[in-house]
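Take the position in the sequence shown, starting the count at 1, then add 38; the result is the number in the numbering used here. Ideal placement from N, C-alpha and C gives every residue a C-beta, glycine not left out. One structure is given below, encoded as structure tokens.
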Amino acid sequence: MKFVYATQLASWSLAQYGAAARETWGMAKHVFDLPLKFAWPFLLWAGFYLRAFFAPSDPSR
Numbered sequence: 039m040k041f042v043y044a045t046q047l048a049s050w051s052l053a054q055y056g057a058a059a060r061e062t063w064g065m066a067k068h069v070f071d072l073p074l075k076f077a078w079p080f081l082l083w084a085g086f087y088l089r090a091f092f093a094p095s096d097p098s099r
């Protein structure tokens, strides 16, 4: 939410947050948003299927 407050509310954001704060919150959103957006599907997959993926297969089947 701080990203929205610092960057998306036009004159209110300019009055309440300095340039460094706006840049910091904007950068933090991108730094945390992109890796989490790409890592979340992998983490879900790993949580459900990683154990089965590395389990030894049954050769008798």
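Which residues in the same chain as residue i place their Cβ atom closer than 7 Å to its Cβ, once the five residues preceding and following it in sequence are excluded?
i, result
"alanine 59", "Ala44"
How far does the alpha helix (DSSP H) with residue i in it reach, from first residue to last?
i, result
"glycine 85", "57 to 92"
Using only the alpha-carbon positions, how far apart do residue i and residue j sit?
i, j, result
"tryptophan 50", "lysine 75", "29 Å"
"leucine 81", "glutamate 61", "30 Å"
"glycine 85", "phenylalanine 92", "13 Å"
DSSP on residue i, reduced to helix/strand/coil?
i, result
"phenylalanine 52", "This sequence places leucine at residue 52; phenylalanine is not what is there. In this structure, leucine 52 counts as helix in the three-state DSSP scheme."
For residue i, which residues from the same chain have a beta carbon less than 6 Å from its beta carbon, with the 5 sequence-adjacent residues on both sides left out?
i, result
"tyrosine 55", "Ala44"
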